[in-house]
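>
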Amino acid sequence: MKKILLLLCVSLNCLAAEPTSVRQAELRHLLKNDCGACHGLTLHGGMGPALLPETLKGKPDEFLVSTILNGRKGTPMPPWKPFMNADDAHWLVNILRQGPQ
Amino acid sequence: MKNRLPLLLGLLLTFNANAELRATGDLGIIIEREAGSALIIDTTEHKQLSRIDKLGDLSHASVVFSRDQRFAYIFGRDGGLSKIDLLQDKLDKRIVQAGNSIGGAISQDGTLIAVSNYTPGGVKIFSADTLELVADIPAEYADGKLSKVVGLVDAPDQRFVFSLFDAGEIWTVDMSTPKKPKIEKFKNVGKFPYDGLITSDGRFYIAGLFGESGLSLLDLWEPEKGIKRILPDYVKPDEQLPVYKMPHLEGWAVADDYIFVPAIGKNEVLVIDKQSWKLVKAIPVAGQPVFVMARPDGRQVWVNFATPENNKLQVIDVKGLNLQSTLTPGHAVLHMEFTPRGENVWVAVRDDDQVLVYDTHTLKEIAHLPAQKPNGVFFTSRANKIGF
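Residue numbers (the numbering used here), protein chains in the order written: chain A, 1 to 101; chain B, 102 to 489.
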């Protein structure tokens, strides 16, 4: 019973985490244009650092998600939580780790 | 018929020659940010003349013009520097001079092009004719670190002025002897200067600060007096609203007796008295201003915004220092440029893939041109203005 419950929790969690395809398109647009304004359209950096797989290596997911949602005080990185939730931010981090399509 | 043939041929040639002549004063460039291309346009006919492809990463791009208005120099995000021939519709020369670049300037005499680089942090100066390297100025500050360079402008007496974002410094470089640049450094000007402008008389350089309240002013007539802080207590960093796009400062901030600048982290345009450098008024606007641009005659100031208000454009009446109008050109209003005497303004609307032309008197849209994800719009009239 416990195992089934655990399995349910994990699978429900996974289901909850994936944004809809409409939302994914919105997030890609945001990544390209709004993140891209400082990090570059190709994510090679600008005012902000590069967001390529090699630059994000070694940085934990939670750290990156928190940076996206809450910004970094004392730097130009603003909090994006008015525009997205934690699931969206997790999805973005995964996209960034995969690199350019 | 034989006798008339030479005459006919002569007439044909004349018509042909007239049809091919193009002047430079009403030309411009529209940057297509994703395609990495630039459109050459005509502001009299409101039409596209040609497209120049393969200009690298233009997701952020800035443009200056040669003193004869024939060439446009495009500074690309990827460190590309492209010299475009506006009369022959072609790329004349292109170099990649750094890893990441934000903008540039042309010298007073038109012989030098300076580029402000993020990576490696510094300024590189090239021959405007050949794009050969003339000088390399690393923006080195404490502990051998290199700072991103922003706010690069030309100044009288063959100088360039720029700010060091990470270092909080303003430098001037005298290029009168190109092989021996003379650098003067002003330190501790304020935290994170994010851009700079020079007034149209080439006298005052003003850097906006991101990390502290206010702006930093350098009087180039009296540099020995150092940097003056303007509006030191206006918005403290911990009072700031989030800034989703960095504002830009340029010489078109000046109108009447005032300088109009974007507030940082506050939805306001700040009106500063050009004599006293005191705040005259803070005009509430729709969002975080990005570009605050005066019409050439100075009677209006037009403002666009960072996300999420980037579908709006607002017009300030300079006589009353109040909001005159709010326009909704479309989705993602990224940039605008006035025609030389200001009768029209061209507005880049990225997500609608078009550039709109407004009559600035009636505020009505009078033309539009298709453009692929347009961002910057730049006209050749910049060629004869200090600071552009």
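Just so you know, even glycine gets a beta-carbon here, dropped at the ideal spot from N, CA and C.
Grouping DSSP H, G and I as helix and E and B as strand, with all else coil, what is Cys14 of chain A?
Because Cys14 of chain A sits at a pLDDT of 47, beneath the cut-off of 50, its placement in the model cannot be relied upon, and the following sentence gives the value as read from the coordinates. Three-state DSSP puts Cys14 of chain A in a helix.
> Just verifying my parser: in three-state terms, what is the DSSP assignment at Asp255 of chain B?
strand
> Take Pro79 of chain A as the anchor and find which of A:Arg23, A:Gln24 and A:Asp34 has the nearest alpha-carbon.
A:Asp34
> So which residues of chain A does Arg158 of chain B contact, with C-beta pairs closer than 9 Å?
A quick correction: the sequence has Asp, not Arg, at residue 158 of chain B. Using a Cβ-Cβ cut-off of 9 Å, Asp158 of chain B is close to Gly40, Leu41, Thr42 and His44 of chain A, given in chain order.
> Thr42 of chain A to Ala468 of chain B, Cα distance in whole Å?
Each residue's alpha carbon lies about 32 Å from the other.
> Per the contact definition of three or more C-beta pairs closer than 8 Å, is the segment 331-338 of chain B in contact with the segment 301-317 of chain B?
yes
> Tell me, please, whether the CB atom of Pro53 of chain A is closer than 7 Å to any CB atom in chain B?
no
> Just the C-alpha distance for Arg152 of chain B and Val478 of chain B, rounded to the nearest angstrom, thanks.
14 Å
> Could you give the DSSP three-state label for Leu187 of chain B: helix, strand or coil?
coil
> Relative to the C-alpha of Leu310 of chain B, which candidate in B:Val251, B:Ile203, B:Val274 and B:Gly303 has its C-alpha closest?
B:Val251
> Let me check one thing: in DSSP terms, what residues is Glu270 of chain B bridge-paired to?
Answer is B:Leu265, bridged to Glu270 of chain B.
> Enumerated in chain order, which unbroken segments of the beta strand (DSSP E) with a length of 3 residues or greater are wholly contained in the segment 143-175 of chain B?
Runs found: 148-153 and 162-166.
> Is there contact between the segment 431-444 of chain B and the segment 391-410 of chain B, where contact requires at least three CB pairs shorter than 8 Å?
yes
> In three-state DSSP terms, what is Arg330 of chain B?
strand
> Take Leu128 of chain B as the anchor and find which of B:Gln149, B:Asn423 and B:Arg134 has the nearest alpha-carbon.
B:Gln149
> In chain order, what residues of the segment 192-210 of chain B put their CB closer than 7 Å to some CB of chain A?
Asn201
> Could you tell me the alpha carbon to alpha carbon distance between Lys155 of chain B and Asn201 of chain B, rounded to whole angstroms?
17 Å
> Output yes if chain B places a C-beta closer than 7 Å to the C-beta of Arg28 of chain A; else output no.
no
> Contact criterion: CB-CB distance below 7 Å. Does Trp49 of chain A meet it with respect to chain B?
First, the residue type needs correcting, since residue 49 of chain A is Pro and not Trp in the sequence shown. For Pro49 of chain A, the answer is no, since every Cβ of chain B falls outside 7 Å of its Cβ.
> Please report how far the alpha carbon of Gly40 of chain A lies from the alpha carbon of Asp358 of chain B, in whole angstroms.
37 Å
> Run through chain A and tell me which residues come within less than 8 Å of Met347 of chain B, C-beta to C-beta.
By Cβ distance, chain A contributes Ala37, Cys38, Met47 and Pro76.
> My parser needs the beta strand (DSSP E) runs of 3 or more residues fully inside the segment 332-385 of chain B; what are they?
359-363, 369-374 and 380-385
> In three-state DSSP terms, what is Leu319 of chain B?
strand
> Taking only beta-carbon atoms, is Val404 of chain B less than 7 Å away from chain A?
Output row for Val404 of chain B: interface = no.
> Applying a beta-carbon distance threshold of less than 7 Å, which residues of chain A neighbour Pro343 of chain B?
Gly71, Pro78 and Pro79
> Would you kindly report the start and end of the unbroken alpha helix (DSSP H) that includes Gly129 of chain B?
Looking at the DSSP string, Gly129 of chain B is not in any alpha helix (DSSP H); the run it does join, the beta strand (DSSP E), is Leu128 to Glu133.
> Name, please, each residue of chain A whose Cβ falls closer than 8 Å to the Cβ of Glu133 of chain B.
Here the premise fails: no neighbours, minimum Cβ distance about 12 Å.
> If we cut at 7 Å on Cβ distances, does Asp61 of chain A have a partner in chain B?
no
> Within its chain, find whatever has a CB closer than 6 Å to the CB of Arg260 of chain B; leave out the 5 residues flanking it on each side and keep chain order.
Thr273 and Asp275
> Going by DSSP, name the residue or residues bridged to Arg195 of chain B.
B:Ser183
> So Phe361 of chain B packs on Val372 of chain B, CB below 8 Å; how close in whole Å?
6 Å
> Using the Cβ count rule (16 or more neighbours within 10 Å means buried), how would you classify Cys9 of chain A?
Here Cys9 of chain A scores only 49 on pLDDT, less than 50, and its place in the model is too uncertain to base an answer on.
> Could you check whether Ile271 of chain B and Leu232 of chain B sit closer than 7 Å to each other, using their CB atoms as the reference points?
no
> The beta strand (DSSP E) that contains Phe311 of chain B, what's its start and end?
From DSSP, Phe311 of chain B is part of no beta strand (DSSP E); its letter is neither H nor E.
> DSSP three-state label for Glu241 of chain B, please.
In the structure shown, Glu241 of chain B falls within a strand segment according to DSSP collapsed to helix, strand and coil.
> Considering only DSSP beta bridges, list what Pro19 of chain A is partnered with.
Beta-bridge pairing links Pro19 of chain A to no other residue.
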